[in-house]
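Once you know that position 44 of the sequence shown is 37 in our numbering, the rest is easy, because the numbers rise by one and skip nothing.
No residue lacks a Cβ here, since even glycine has one placed at the ideal position from N, Cα and C.
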Amino acid sequence: MKKILFIAFLSLCNLAFSQSKGTVTGTVTDKEMSGEALPFANVFIKGTSIGGTTDMDGKYTLSVPAGNQTIVFSFVGYQTIEKQIVIKENKTLIVNQELGANEGVALDEVKINATVSREKETALLLEQRKATVIKESIGAQELSKKGVSDAATATTKVAGISKQEGSNKVYVRGLGDRYNTTTLNGLPLPSNDPRFKNISLELFGTDMIQNIGVSKTFSANLSGDVSGANIDLASKEHSGNSSINIGFSSSANTQTTGKSFKTIDGANWFGIANNTKHKVTSLNILPFTDNFTPNNTHAALNTNLSISGSKRFDINEDSSLSMFLVGSFGNKYNFRNGTSINYLRNDGSTGNRFTSAKQYNYETSKMLMGNFIYKINNNHKVSYNSLFIHSNNQNIQDYFGKKPDVADSEGVFANIVLQTENQNRLFVNQLLSEHKFGESIDLNLGATYNMVNNDEPNRKKNIFVVNKNDNTIKFASGAARNNSRYYHNLTEDDFAAKTSLIKYFGTRIKDEHKAKITLGYEFRNTVRDFRAIYFDYDLAAPTEVDPNNISQVLNQQSLDNGVFRLKTGFGFGDNALDPFTYDADKMTNAAYAMLDYQITDKFFMNIGARYENIWMDVAWKTNLTNSTTDNGGPKKLRDNYILPSLNLKYDINDDNLLRLSASKTYTYPQFKEVAPFVYEGVDYQEEGNENLQPSTNYNLDFKWEMFPNRGELISATIFGKYIEDGINRIELNAASDNFFSFNNTGNTTIYGAEIELRKQILNLSKNNDEHDQNIKLGLNATYMNTNQTFNVTNQFNPTNSEEPTEGAAPFLLNTDISYNYKKDNKETIATLIFNYQGEKLYSIGSVNGLQSIYQKSIPTLDFVFKRQFNKKLGLKINAKNLLNPSYEMYRDVPNKLVTKSFKRGIDFSLGLSYKL
């Protein structure tokens, strides 16, 4: 009897396991994102345990018992779809499904989830995985986790990118400002500072950024004036139920907050300079109402306030209007005290030697942004973005020490006080549209009009001679510029437009076409007007003064009595009130063609060519040179470029792929690099070089990527660049101050390797837990070798025949480890972030034994804690620069003479957010 039962049991098991089965497969797409693949959607057979999630391309495959079944598709926030299907034995059934907002589901809620996912690491990695070209992105989710407050800091979290302390310059694989481009929503942005090509990324707070895309390789749809990277900021859109979000934070610095602090008389706490232009009508009358002497106060806590709101209006089933509005205000105090020593020549002579270099910096930023999207239907969409940024920086530099041309004898010292207020106003207006015609043609249009105002109103400079032998303090005389006021005003109008037409050979659904052709045209015209004027207090003789009451001497009465005379850069004549100027006009017309072709199931190609025609005119007038009468007239550059690009991708398997990119690009000199206008800092001068010529760049990248699990990445890249006639900062001969200019110094070779890791290293959750708990590791590192071979000319005679590339740190490391806990609407994130930049070249030494200047290596350590208590209330605690390293620059001489040194202090901040 037992044998019979056993045989019957085996028969039943065999019947169960041999039950006839078929296969159901397909692709799930996202209706709210115009039919894009939807990864991580749930697909299962109702009433069974059979199911899974879609892969990175929205695909799924299930083995299902033959017969009538119900297949269910779902995604968080989307309508669940059930379909009756019939499975046949050993047959494959294809069921494609689009998920989105239909009857019974709030469109507003659905749109929120679709948009938010594009800010997450998983969604950005998905885009990176699917793209043929090489691109890396960092989204709002990761920025928040790492305590990033602005776009400049955000880019440094990408492999191969570093930022120069005290500057808005971002270096990509050792290539600085002139080699990079910046765009907002794919449209170009102008510079807010006449010294730089790119706008300061510090102006863009992360509360207005959805994600930041970094393209370190070139494809035909990008500007050809790039060799480092194109950095594209995607502005935030409506995401979430209609809501209002309020955020407030306050921070303190260990060497600033509560300590004695100096501010500029005439400037204000809110950071709005109203009188940006001088009111001088006669050199015999002083119209200035502010004092030279700074105000004494104490540094308060830093603050930041932001308010944002979003809403979506449903017009009909397929049409909607959504908007996202955000406004913010922030201020920050910073004090640092260090040293500044300009040079040590081989003959033993020295320049300025300031043993005390104090700097008091107060900055504010105001931002307003509106993003409006009108979805006409599933095939047509129009968006308008408007952005206004107002930044104000008030900086007092108080340097004490030796200055050979003023005070260099025993017991006699120089004290320089330079007070600079710099104000930027940027107004961006963008109109973009996307159109789909039929199943195989897309048309994308975009236009932007940008306005920039950069003002430096009433910069004040005083140099005192402090004689400790007789206990006197006098104004430095001999050079009129020693005591002066300075104004400059820059206005820039920037217009750009672009259009692209895409033809799919098949339908636009990825699996239903093997090729597409993109044709595009782009136009940009930038017009800049720059005006600057000095008002020098030319003292007849050294005059005693109380530094705390400078106006007692530099006043109208002293001017009337001949104690000093007021003069400008043009002296005292009829044209004395004429400003120094440079006017610039650059126009670019570009056309491109690009082919995306799937060679095999695993091999993809993007090949393209771009043609650019460039006209650039720069005219200038200073007391030393006038382009109308000197040097053969204004600078005129006329160039045509044909720029080929090739991008290849090979899928080894579902998780591993290889990429190759090769391209030719160029680097154009910037307006300020060409105009021979001298800008004076507290311990340096800088002027342009009208003989600059463009550079030509050749770029090559080979990359391996592995996507082991959702939200995880392991990659390695080998890259190389060759730059002909590279443009670099050089140092010229000067009596005491560092004097910098620019030159085509020769050819440059760059090669290196990058690695990146994003991995969950420990899962602390158990199968029956109702929460997620894990520890994640992020790491990227770059090693590179750079070498410039110099061409010696009459204008450029370098101290050494070869040097590394300016700003290129041979080793970069960014790493973070985070603890994550999430249950329902409660979330805790604690992240420790470490960054290391190796030492790098700051400027190339030349003439009279001046060695190059290097910046020493810098390690930084930050800690970020974030707690979301519920849907409404959140807390954030940051501790930044915990190691508080010394920032040092040195001359490359045997004893490594330190030329500049200071510390930033440690920052602690506490922030609260509330969602209404």
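Straight-line gap, K910 to S312 (C-alpha atoms, nearest Å)
Because the chain in this structure spans residues -6 to 909, residue 910 falls outside the shown range and cannot be described.
For E75, does the count of other Cβ atoms within 10 angstroms reach 16, so buried, or fall short, so exposed?
Locating residue 75 in the sequence shown gives position 82, where the first residue counts as 1. Only exposed fits E75, as fewer than 16 other CB atoms lie within 10 angstroms of its CB.
Under the rule that 16 or more other beta-carbon atoms within 10 Å means buried, what is R501, buried or exposed?
By one-based count along the sequence shown, residue 501 stands at place 508. Taking a 10 Å sphere around the C-beta of R501, we find 16 or more other C-beta atoms and assign the residue as buried.
Does the Cβ of E717 lie closer than 7 Å to at least one heavy atom of the ligand ZN?
As presented, the structure is devoid of all ligands, the ligand ZN included, so that no description of it is given.
If Q844 sits next to D809, beta carbons under 8 Å apart, how far is it from one beta carbon to the other, in whole angstroms?
Numbered from 1 along the sequence shown, position 851 holds the residue referred to as residue 844. Numbered from 1 along the sequence shown, position 816 holds the residue referred to as residue 809. Actually they do not touch by this definition, with Cβ atoms about 37 Å apart.
Contact check, F557 vs L547, beta carbons under 8 Å
Locating residue 557 in the sequence shown gives position 564, where the first residue counts as 1. Locating residue 547 in the sequence shown gives position 554, where the first residue counts as 1. Yes, they are a contact pair.
Cβ-Cβ distance between G153 and T775 below 8 Å:
Here residue 153 corresponds to residue number 160 of the sequence shown, with the count starting at 1. Here residue 775 corresponds to residue number 782 of the sequence shown, with the count starting at 1. Closer than 8 Å, so yes.
Within its chain, find whatever has a CB closer than 6 Å to the CB of K382; leave out the 5 residues flanking it on each side and keep chain order.
Taking the first residue of the sequence shown as position 1, residue 382 is located at position 389. With the sequence shown as reference, residue 382 is identified as Ile, and Lys is not the correct amino acid for it. For I382, where only same-chain residues beyond five positions count, the Cβ hits under 6 Å are L196, M360, L419.
Within a Cβ cutoff of 7 Å, which residues of the same chain sit near D486, ignoring the five residues on either side of it in sequence?
The count along the sequence shown starts at 1 and reaches residue 486 at position 493. Same-chain partners within the cutoff: M444, V520.
State buried or exposed for A260, treating a residue as buried only when at least 16 other CB atoms are found within 10 Å of its CB.
As a working note, residue 260 is residue 267 in the sequence shown. Classification of A260: buried, given that the 10 Å Cβ count is 16 or more.
Using C-beta distances below 8 Å, list every residue in its chain close to D648, excluding the 5 sequence neighbours before and after it, in chain order.
Taking the sequence shown and counting its residues from 1, one reaches residue 648 at position 655. Cβ within range, chain order: M699, F700, P701.
Rounded to whole angstroms, what's the CA-CA distance from L122 to N178? Just pull it up for me.
The count along the sequence shown starts at 1 and reaches residue 122 at position 129. The count along the sequence shown starts at 1 and reaches residue 178 at position 185. Leu is not the amino acid found at residue 122; the sequence shown has Arg there. Looking at the two C-alpha atoms, the distance is approximately 21 Å.
Please confirm whether F670 and V611 have their CB atoms less than 8 Å apart.
Along the sequence shown, read from residue 1 onward, the residue named residue 670 stands at position 677. Along the sequence shown, read from residue 1 onward, the residue named residue 611 stands at position 618. A distance of 8 Å or more separates the beta carbons of F670 and V611.
Is Q929 buried or exposed, if buried means 16 or more other CB atoms sit within 10 Å of its CB?
Nothing in the structure corresponds to residue 929, since the chain is present only between -6 and 909.
Please return the same chain residues whose Cβ sits closer than 6 Å to the Cβ of E449, not counting the five positions on each side in sequence.
Start at 1 with the first residue of the sequence shown, and residue 449 comes out as number 456. So the list reads N415, H481, once near-sequence residues are dropped.
Could you compute how far the alpha carbon of L909 sits from the alpha carbon of G240?
Here residue 909 refers to the residue found at position 916 when the sequence shown is read from its first residue. Here residue 240 refers to the residue found at position 247 when the sequence shown is read from its first residue. Distance from the CA atom of L909 to the CA atom of G240, rounded to whole angstroms, is 11 Å.
On the premise that Q861 lies in contact with N818, defined as a C-beta separation below 8 Å, what is that separation, rounded to the nearest angstrom?
Within the sequence shown, the letter at position 825 stands for residue 818. Within the sequence shown, the letter at position 868 stands for residue 861. Yes, N818 and Q861 are in contact; Cβ-Cβ is about 7 Å, under 8 Å.
Cβ shell of A668 (< 6 Å), same chain only, five flanking positions each side left out
Here residue 668 corresponds to residue number 675 of the sequence shown, with the count starting at 1. Sequence-distant partners of A668 (beyond 5 residues in either direction) whose C-beta falls short of 6 Å from its own C-beta, in its chain, are Y575, V611, W613, G681.
Which of helix, strand or coil does DSSP assign to E195?
Here residue 195 refers to the residue found at position 202 when the sequence shown is read from its first residue. If DSSP states are grouped into helix, strand and coil, E195 belongs with the helices.
For a test of the three-state rule: what should DSSP assign to L419, helix, strand or coil?
Looking up residue 419 in the sequence shown gives position 426. The three-state reading of DSSP puts L419 in strand, counting E and B together.
Between P791, L725, N408, which has its C-alpha nearest S333's C-alpha?
Translated into positions along the sequence shown, residue 333 becomes position 340. The candidate whose alpha carbon is nearest that of S333 is N408.
Going by DSSP, which residues form a beta bridge with I600?
For the purposes of this step, residue 600 is identified with residue 607 of the sequence shown, where counting begins at 1. Looking at the DSSP assignment, I600 forms a beta bridge with L588, L639.
Going along the chain, which residues of its own chain have a beta-carbon closer than 6 Å to the beta-carbon of I754, five neighbours each way excluded?
By 1-based counting over the sequence shown, the position of residue 754 is 761. So the list reads I768, L770, once near-sequence residues are dropped.
Reference L693, options E679, A655, T16, closest by Cα
Within the sequence shown, the letter at position 700 stands for residue 693. Comparing Cα-Cα distances from L693 to each of E679, A655, T16, the minimum goes to A655.
Rounded to whole angstroms, what is the Cα-Cα separation between N582 and E129?
Taking the sequence shown and counting its residues from 1, one reaches residue 582 at position 589. Taking the sequence shown and counting its residues from 1, one reaches residue 129 at position 136. The alpha-carbon of N582 is positioned some 28 Å away from that of E129.
Can you pull the DSSP bridge partners for S379?
Here residue 379 is taken as the residue at index 386 of the sequence shown, counted from 1. Answer is G363, N422, bridged to S379.
Where the beta strand (DSSP E) containing K896 begins and where it ends:
Here residue 896 refers to the residue found at position 903 when the sequence shown is read from its first residue. For K896, the enclosing beta strand (DSSP E) has its first and last residue at 891 to 896.
Using 8 Å as the threshold, is the C-beta distance between Y855 and L875 below it?
Walking along the sequence shown from the start, residue 855 turns up at place 862. Walking along the sequence shown from the start, residue 875 turns up at place 882. Rather than Tyr, the amino acid found at residue 855 in this sequence is Asp. Yes, they are a contact pair.
So G713 and I748 are in contact, right, with Cβ under 8 Å, and what is the actual spacing, rounded?
Looking up residue 713 in the sequence shown gives position 720. Looking up residue 748 in the sequence shown gives position 755. The beta carbons of G713 and I748 sit about 16 Å from each other, so the pair does not count as a contact at 8 Å.
Proximal residues to D522 (C-beta, below 6 Å), its chain only, five neighbours per side dropped
As a working note, residue 522 is residue 529 in the sequence shown. Hits under 6 Å: T484, D576.
For A774, the three-state DSSP class (helix, strand or coil):
Counting from 1 along the sequence shown, the entry for residue 774 is found at position 781. A774 falls in the strand class under three-state DSSP.
Answer with buried or exposed for K509, where buried requires no fewer than 16 other C-beta atoms within 10 angstroms of its C-beta.
For this step, residue 509 is matched to residue 516 along the sequence shown. Classification for K509: buried.
For Y514, collect the residues of the same chain with a Cβ closer than 6 Å to its Cβ; drop the 5 residues on either side in sequence, then sort them by chain order.
Stepping through the sequence shown from its first residue, residue 514 is reached at position 521. Taking C-beta separations shorter than 6 Å and ignoring five residues to either side along the sequence, the partners of Y514 in its chain run T492, A584, following chain order.
Within 10 angstroms of the Cβ of K84, are there 16 or more other Cβ atoms? Answer buried if so, exposed if not.
The sequence position of residue 84 within the sequence shown is 91, counting from 1. Exposed is the label assigned to K84, since fewer than 16 other Cβ atoms lie within 10 Å of its Cβ.
Given a cut-off of 8 Å, decide if L86 and G15 are closer than it, judged by their beta-carbon atoms.
Translated into the one-based positions of the sequence shown, residue 15 becomes position 22. Translated into the one-based positions of the sequence shown, residue 86 becomes position 93. Yes, Cβ-Cβ distance for G15 and L86 is below 8 Å.
Where G97 falls, given that 16 or more other Cβ within 10 Å makes a residue buried:
Here the question's residue 97 lines up with position 104 in the sequence shown. Because G97 carries a pLDDT of 38, less than 50, the predicted location of this residue cannot be relied on, and no value is offered for it.
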